[in-house]
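Heads up, the sequence shown stops at 601 in my numbering, and the numbers go up one at a time, no gaps.
Quick reminder that beta carbons are idealized off the backbone N, C-alpha and C, glycines included.
Here the structure is a predicted model, which means the values were calculated and not measured.
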Amino acid sequence: MNTIHSRGGNQVVFSSINYGTDTSAEGRCVIRELLNSTYNGVGNGETAIFPIQIWKKKRGVNYLKGDRNYDLYELACKVTARRFFPNFLNLDATFNQSDAWRADDPKRYMHEVATMGCRTRVFENKFGMKTSVGRGNLSFSTINIVRLAIECMGIKNKEERINCFFAKLDKMLDVTAKQLNERYDFQKTAFAKQFPLLMRSLWLGADQLNPNDSIEAVINQGTLSIGFIGLAECLKALLGVHHGESDEAQKLGLKIVSYMRERCNEYTEKYHHNFSVLATPAEGLSGKFTKIDRKEFGVLEGITDRDYYTNSNHVPVYYKCSARHKAEVEAPYHEMTRAGHIFYVEIDGDATHNPQVIMNVVDMMDHYNMGYGSVNHNRNRCMDCGYENADAHLESCPRCGSTHIDRLQRITGYLVGTTDRWNSGKLAELNDRVIHGMGEKG
Ligand SMILES: [Zn+2]
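Here you go:
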């Protein structure tokens with residue numbers, strides 16, 4: 160797969176593999192060997208950056224003790240503790256289920272949600288079968304809701320201020336939907352022969368296209384997504400507090416995102432495409448929007464005073480709270496953001512000695528009805544002798560003294576071996592990340 164031309168041929172394909180629910184002897188064998196080889200690493204034992212691996216967690220299949228693939232789930236947690244992957248996709252979340260799923264159906268994977276590693280999620284379908292297979296996201300655009308909120312900050316009366324924000328959001332949503340629709344109108348004019356791989360067999364219905372047919376009939380099964388960034392800073396601007404620290408802010412946050420979701424459902428009817436809301440990861444935008452807004456509005460405390468805006472609906476990375484509190488606050492947004500979302504927990508210490516901590520995070524996803532999640536931790540590797548540990552700021556190898564250390568970190572969904580090439584916004588975010596206590600009180 161890594162020989163496929165992508166982005167001008169200068170990047171490896173951003174590939175993801177979803178697995179964990181195949182209970183056949185052969186399927187179990189493949190899963191086990193994939194996990195074992197991931198655990199051992201590539202080359203002389205390095206962590207593979209791609210493909211991103213995603214474990215599909217499902218009750219009755221692999222999650223409960225006694226489930227046929229429970230042993231593989233345990234192995235998956237052990238692998239994650241060392242290699243960051245697999246991430247965990249919760250097939251039991253109410254919004255991740257399909258009525259067509261049957262335990263005895265050998266093709267049941269067609270009715271199981273799958274995700275792109277970073278978070279992009281495609282499942283619901285107004286114009287064909289509800290599935291993650293043979294479809295994809297066609298485009299997404301992200302709204303800077305922080306800026307919309309800053310523009311209303313001057314209004315003294317709270318209710319008027321919030322109304323002003325919603326009016327601006329409404330207008331921006333209309334523009335974004337229109338833009339995505341126009342882009343689609345251009346995309347659909349392409350011919351099947353221009354996509355020899357995608358439009359031969361990968362997309363649902365592609366096998367019925369002739370080389371000179373337009374791809375329109377096939378791509379309407381894809382999705383168009385409207386994303387948002389910086390819910391935390393947006394709420395700070397509107398209320399002075401973010402949703403991690405105030406119930407009122409959480410209430411407003413849920414109102415904002417559910418409003419976006421309602422509007423997307425309307426656009427689905429209006430434009431006859433699958434519109435959905437994305438909890439944007441914003442690898443590049445996170446710093447870019449902040450820079451523009453600071454230039455225009457100055458340094459605003461808790462809003463533009465850092466070099467980045469908080470990823471989607473997340474509680475800010477600098478905010479100290481327990482994993483459980485973070486889960487309680489972020490969970491309800493997963494149901495609304497059907498174009499993709501993720502829940503992260505930052506842990507300290509060496510997780511390789513304690514894979515149970517990974518299971519605890521998956522239990523949290525199960526309990527709070529979250530769709531997708533993962534655990535972040537430190538992993539250092541000496542490039543000269545292969546020594547590994549989990550120290551926060553390892554400068555030189557305790558075994559051979561080398562300073563050639565690979566510090567593995569997760570940027571948004573992807574792993575990056577060195578932080579040298581991160582943009583300044585994301586680097587600032589990384590330095591602000593705090594650990595989430597896993598205990599009851601954290
Ligand atoms: Zn070494």
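Pick out whichever of the options has its Cα sitting closest to the Cα of residue i.
| i | options | result |
| --- | --- | --- |
| residue 504 | 495, 517 and 498 | 517 |
| residue 603 | 419, 486, 429 and 172 | What the structure shows of the chain is the stretch from 160 to 601, and residue 603 is not part of that stretch, so it cannot be assessed. |
| residue 203 | 562, 545, 592 and 591 | 545 |
| residue 283 | 372, 233, 253 and 229 | 253 |
| residue 491 | 211, 412, 593 and 431 | 412 |
| residue 259 | 239, 275, 274 and 288 | 288 |
| residue 271 | 371, 218 and 486 | 218 |
| residue 196 | 234, 334, 327 and 510 | 234 |
| residue 214 | 223, 208 and 179 | 179 |
| residue 563 | 384, 540, 375 and 264 | 540 |
| residue 327 | 344, 304, 458 and 286 | 304 |
| residue 494 | 527, 569 and 462 | 527 |
| residue 538 | 554, 509 and 514 | 509 |
Quick test of your reading: residue i and residue j, contact by CB under 8 angstroms. State the CB separation rounded to the nearest angstrom.
| i | j | result |
| --- | --- | --- |
| residue 294 | residue 380 | 5 angstroms |
| residue 216 | residue 247 | 5 angstroms |
| residue 435 | residue 497 | 4 angstroms |
| residue 373 | residue 414 | About 41 angstroms; that fails the 8 angstroms criterion. |
| residue 502 | residue 531 | 7 angstroms |
| residue 524 | residue 482 | About 11 angstroms separates the two Cβ atoms, so there is no contact after all. |
| residue 308 | residue 325 | So it is not a contact: roughly 10 angstroms between Cβ atoms. |
| residue 480 | residue 403 | 6 angstroms |
| residue 371 | residue 350 | 6 angstroms |
Going by beta-carbon coordinates alone, are residue i and residue j separated by less than 8 angstroms?
| i | j | result |
| --- | --- | --- |
| residue 296 | residue 382 | yes |
| residue 266 | residue 445 | no |
| residue 488 | residue 476 | no |
| residue 221 | residue 187 | no |
| residue 211 | residue 276 | yes |
| residue 430 | residue 336 | yes |
| residue 278 | residue 438 | yes |
| residue 209 | residue 306 | no |
Could you check the C-alpha separation between residue i and residue j for me, to the nearest Å?
| i | j | result |
| --- | --- | --- |
| residue 547 | residue 172 | 27 angstroms |
| residue 242 | residue 256 | 28 angstroms |
| residue 205 | residue 322 | 52 angstroms |
| residue 140 | residue 311 | Residue 140 cannot be examined here, being either before or after the span of the chain that is shown, 160 to 601. |
| residue 182 | residue 250 | 15 angstroms |
| residue 340 | residue 423 | 12 angstroms |
| residue 194 | residue 392 | 39 angstroms |
| residue 499 | residue 470 | 12 angstroms |
| residue 361 | residue 377 | 11 angstroms |
| residue 596 | residue 507 | 9 angstroms |
| residue 600 | residue 533 | In this predicted model, residue 600 has a pLDDT of only 40, less than 50, meaning its place in the structure is not dependable enough to derive any value. |
| residue 319 | residue 397 | 11 angstroms |
| residue 583 | residue 292 | 36 angstroms |
| residue 558 | residue 521 | 34 angstroms |
| residue 368 | residue 543 | 52 angstroms |
| residue 511 | residue 238 | 8 angstroms |
Quiz prompt | Contact set, ligand 1 heavy atom to C-beta under 6 angstroms | solution = 541, 543, 544, 546, 556, 558, 559 and 561
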